[in-house]
Amino acid sequence: MRMVECIKVNKTYQQGQVNVRALKDVSLSIVTGEFVAIAGPSGSGKTTLLNLIGGLDSVDSGTIVVDGHSFDQMSQSQLADLRLNKVGFVFQAYNLIPVLSAAENVEFVMLLQGLPAKERRQRVKAILDDVGLEGKYDRRPAELSGGQQQRVAVARAIVSNPSIVLADEPTANLDSKTGKGLLQIMKKMNEEKKITFIFSTHDKMVMDYARRLILIRDGRLADDRVKSN
Amino acid sequence: MSIDVKMAWRNIWRNPRRTILTICAIAFSSLLLVFMLSFQFGSYETMINTSVKIQSGHLQVQAEDYQDKKTIRLVVPNPAAVGKILEKIPHVQAYTFRGQAFSLVSSKDRTYGAVVTGIDPIREIQVSRLKKLIRQGSFLAESDSDQALVGKLLARNLRLELGDELTLLGQGRDGSIAATVVTVKGIYSSGIDEFDRSAIQIPLKTFQNVYTMDDAVHEVVIIGKSLSDIAEIKHSIELNLSTLDPQKPLKTLDWEELMPGLRQGIEMDLVSGMIFYFLLILVVAFSILNTFLMAIFERTREFGVLMAIGTAPARLTKVLLIESMTMTMIGIFAGILMGSMITLYFQTHGIDFSGASELLSQFGISGRMHPKLSVLSAVSGPLAVFMITFFAALYPALKVRRMRPVEAMRAV
Amino acid sequence: MYLQFAWRNIWRNTRRTTVILVAVIIGIWSMILLGALMRGIAEGMIKNGISTLTGHLQIHHKGYRSDPAIEHSITDPQVVEHALNKVLPSGALWASRVRVNAVASNARHSSGVTMVGIEPSSEANVSFIGAAVYQGRYLTQQDQNGILVGEALLDKFETKIGRKLVLMSQDTKGEIASRAFRILGVFRAEMEATEKQFVFVTRKASQIMLQLDTGISEVSVMLPGKPDNPNAISELKAALPQDQFEVHSWRELLPFQTAYLRILDGFIWIWYLVVFVAMGFGIVNTTLMAVFERIREFGLLKALGMKPWWILREVLTESFLLLVTGMIIGNILAFLSIYILSRIGIDLSAFAAGAEYAGMSRIIYPAIEVKDIIMANGVVMLLGLLVSAYPATKAARFIPVKALAHT
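Dropping the structure here:
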């Protein structure tokens, strides 16, 4: 089943006085349960592509369909709804709400979804245990290490049972050992819960973990291959 | 506690220094307003009470036009009938009758014009403070007939002492010459120069004889149980008066009509006070607007993330408003509390204004002023602060709605 | 270069600077404007008081002030006239009057009034009455039976021009003198009380009526230039026999207005401080934010070898520039509003009785006093820098390593 479908997507940014063409005629499709890495040098358009797939930003031309929903005619609040229920995000850094504890950060999404308190609490505990943060529920982000913060971010991204998780350079600010731990967790989630994962990265290790590697250079799709392992 | 409130509360204390300064600004303005309004209301009450208790009373029943013309012919012909009506009205505390006639007043070697007032010695005590204002001699007694009370300044102008004789010469109600000789029994000082310079009191019976008034009087002066009952009393009197003589209608005037200058003076003072307070609150609002703005712009990234994970902008606005309004409420309550305490202190101890006594005695206020705390004075100022800060907070809170997640997250 | 650096730093955050600037501008504007309005009220009161038969100074016979009776008249006005001619600067104007308490009556009414006997031509230069007659005409030397009454008195007495009015008062012999006058003109005054209190006849007529011969009650003097002239008063005192005359300035003659003036300075000061405190919180907060945002930068500067005092100076300069900008705009706005208001005036007719009760004119014109302007700006600048010193010292104390590590 197709999870993501991009057809001839174009996106141009205004940066100062110059127009930067971030994406040029990008078409690709990703099916449910994939574990995909989008790689490329910085400025190649990876983040833009992720933002577009997540509905954070709108295309100039072309079409994006996620889990059967075409973004073409969706309003801001419909997009917010889609992000809430279908998409999970993990960003590079500054990812968590600093005034909320680890548990509250995770719980927040379910709050937005309107789940009952009892269910929220059970799931928060379960998911934080899953990502290896037993006993750290009440720590604030400032009291957690970078790797721990990213694990909370992953927990938050998947706690709402999304169809797809978008992770923008999740390991960029982590050392390689911590990054590896994070990837293992994501991989586990991918396998256990059949959640589609899409990363952007220029980290060799992340690319090794991915089962499919999409390469972007200067806003164009340069390579797309599925690894056999 | 809902997560929104929790977030708002924790956000407030992310920068305690800034928050405390902001709360201080709000508390300061609330405190000031509580005190100033109490001060204003306190002085109004003193002014009203002084004037009411010395001159006008809360209400008067007069012949129509008497208030403007003060002509001796315009009388209340049957005061006993009015008295009967007043007896039946529950909120009336006391009433008295007065007659007034402008006359030439001569001592041994001086002559001045003055208003001779006939008062009922027994009833007057319940209505005015005149008895308490006697500085020399004593108040009129029921049996007195040819005795008079004189204001301190008039006594000085006429070179009068207690026991001196005084000739009154005026015109009676029927146009005849009215003349009599009285002795000074008491000299009073009310603090209102105008009154002390131009008034003489004699027993009402004597007045009615000398000025050929028969049983008529000019004013029926009424004191209500409290200021707030006045409108009701006025209404009941008016209803009942119409049953009396329809040929010569009587008029009921309240203190505002009897002393229009006093009422307008109070209004003017209130209006100018409002202008001051409004400008003050405006300055405060702009001073704290920056705090509210910063609370948002330094968290732009955070809002980006919140929106990315699906938070609706309306919810962010809500959290921000809870934040700023919590600060405002803390400030306002602290302000009301401290303002009330300061006000209560001065309410019991008074504030010394002896340096301005020439000025204040004109308004019937002595050298000490007492602010008066009331629900109105404690709440209305801070309420205005609340509303203006609410608008100051609304602007940044609504600005969040226009943020787009991608741009927000790119911001540093 | 150094100011330029500070100026650029201020505008790094346009919105924030604008907001605090607006607070400073409103603050300064309201300080100056309301100060000018309060001054204007005072000036109106004093102007009105002076023109209502007070003048800048008055000369009386000894004892008249405490007991204004006819036996305290000046019997020999020549002496005073002579002294005035000798002592007063050129341009000074004066008028001598008879002023006694009297009873005015007609067929239906009677009331206490102040009878003022005036020299029509000299009085017109000194007090309001010269320009106040709006119906009928002003007095001339020849009007032996003419009288001017106020509009309010005319209404109260239910009379009109051409009708008779009888005045009664005590003459020099202690007898009641009375004389009938014919109403020649009606005047209007700022205060209704003035219209009810004063009636004007010629000096000659009053002197005949009261058997005063050439005697007068007072001489009222208008000085050229400023109303206060202590020299003129002391010289006059010296020139006149001390046991016969007393000289009073308007400040002594108008205790109510003088008391208002005395507490006015206090009021204005309190208002300035209150406004300042209100914006002071904003100044501290904004400067603190600006400083904390730049912790890294200050750390870097310090690491580069910048002395703490330089950073202190930098932050204070930024506050200074902010305050100066706010002051310039605030002052301009204030002067503009004062200019407009002084053209049209603030009409208190809606509160006429209240204005009269408070002793104020019906129309208020703001009045600028240099002292107030200096004080307002001084308060803001001095205290503004003082409160900025707190964030400035904070910035100066940042420790380079810690500051650089700060995100």
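Residue numbers (this note's numbering), protein chains in the order written: chain A, 5 to 233; chain B, 354 to 765; chain C, 186 to 592.
No residue lacks a Cβ here, since even glycine has one placed at the ideal position from N, Cα and C.
Just so it is clear, the structure is predicted and the values come from calculations on it, not from any experiment.
Residue j beta carbon less than 8 Å from that of residue i
| i | j | result |
| --- | --- | --- |
| residue 101 of chain A | residue 109 of chain A | yes |
| residue 433 of chain C | residue 269 of chain C | no |
| residue 118 of chain A | residue 93 of chain A | no |
| residue 511 of chain B | residue 460 of chain B | yes |
| residue 654 of chain B | residue 756 of chain B | no |
| residue 605 of chain B | residue 429 of chain B | no |
| residue 539 of chain B | residue 492 of chain B | yes |
| residue 462 of chain C | residue 277 of chain C | no |
| residue 696 of chain B | residue 387 of chain B | yes |
| residue 201 of chain C | residue 474 of chain C | yes |
| residue 72 of chain A | residue 13 of chain A | no |
| residue 227 of chain C | residue 523 of chain C | no |
| residue 396 of chain C | residue 349 of chain C | no |
| residue 370 of chain C | residue 445 of chain C | no |
| residue 303 of chain C | residue 282 of chain C | yes |
Cutoff 6 Å; reference residue i; Cβ partners in own chain excluding five residues on either side
| i | result |
| --- | --- |
| residue 212 of chain C | 460 and 464 |
| residue 646 of chain B | 749 |
| residue 205 of chain C | 467 and 471 |
| residue 559 of chain C | none |
Coarse secondary structure for residue i, derived from DSSP in three states
| i | result |
| --- | --- |
| residue 210 of chain C | helix |
| residue 777 of chain B | There is no way to answer for residue 777 of chain B, as the model of chain B reaches only from 354 to 765. |
| residue 192 of chain C | helix |
| residue 36 of chain A | coil |
| residue 344 of chain C | coil |
| residue 3 of chain A | Past the boundaries of the shown model lies residue 3 of chain A; chain A is included only from 5 to 233, so the question cannot be answered. |
| residue 456 of chain C | helix |
| residue 500 of chain B | strand |
| residue 530 of chain C | coil |
| residue 300 of chain C | strand |
| residue 662 of chain B | coil |
| residue 178 of chain A | coil |
| residue 28 of chain A | strand |
| residue 392 of chain B | helix |
Residue i at chain A interface by Cβ criterion, 8 Å
| i | result |
| --- | --- |
| residue 664 of chain B | yes |
| residue 758 of chain B | yes |
| residue 674 of chain B | no |
| residue 624 of chain B | no |
CB contact below 8 Å: residue i versus chain B
| i | result |
| --- | --- |
| residue 467 of chain C | yes |
| residue 132 of chain A | no |
| residue 120 of chain A | no |
| residue 137 of chain A | no |
| residue 205 of chain C | yes |
| residue 32 of chain A | no |
| residue 113 of chain A | yes |
| residue 542 of chain C | yes |
| residue 460 of chain C | yes |
Candidates the options: closest to residue i by CA position
| i | options | result |
| --- | --- | --- |
| residue 485 of chain C | C/581, C/445 and C/311 | C/581 |
| residue 680 of chain B | B/561, B/522 and B/378 | B/378 |
| residue 368 of chain C | C/395, C/568 and C/321 | C/321 |
| residue 734 of chain B | B/661, B/615 and B/688 | B/688 |
| residue 517 of chain C | C/217, C/471, C/306 and C/392 | C/217 |
| residue 585 of chain B | B/443, B/418 and B/661 | B/443 |
| residue 168 of chain A | A/86, A/138 and A/13 | A/86 |
| residue 613 of chain B | B/370, B/396, B/400 and B/355 | B/400 |
CB contact below 8 Å: residue i versus chain C
| i | result |
| --- | --- |
| residue 422 of chain B | yes |
| residue 357 of chain B | no |
| residue 633 of chain B | yes |
Same chain, Cβ closer than 8 Å to residue i, neighbours up to 5 away in sequence not counted
| i | result |
| --- | --- |
| residue 506 of chain C | 188, 191, 192 and 195 |
| residue 569 of chain B | 428, 429, 430, 431, 432, 452, 526 and 561 |
| residue 169 of chain C | Past the edges of chain C, shown from 186 to 592, lies residue 169 of chain C, and the structure says nothing about it. |
Amino acids of chain E, ordered along the chain, whose beta-carbon sits closer than 8 Å to that of residue i
| i | result |
| --- | --- |
| residue 58 of chain A | Going by chain labels, chain E is absent from the structure shown, which instead holds the protein chains A, B and C. |
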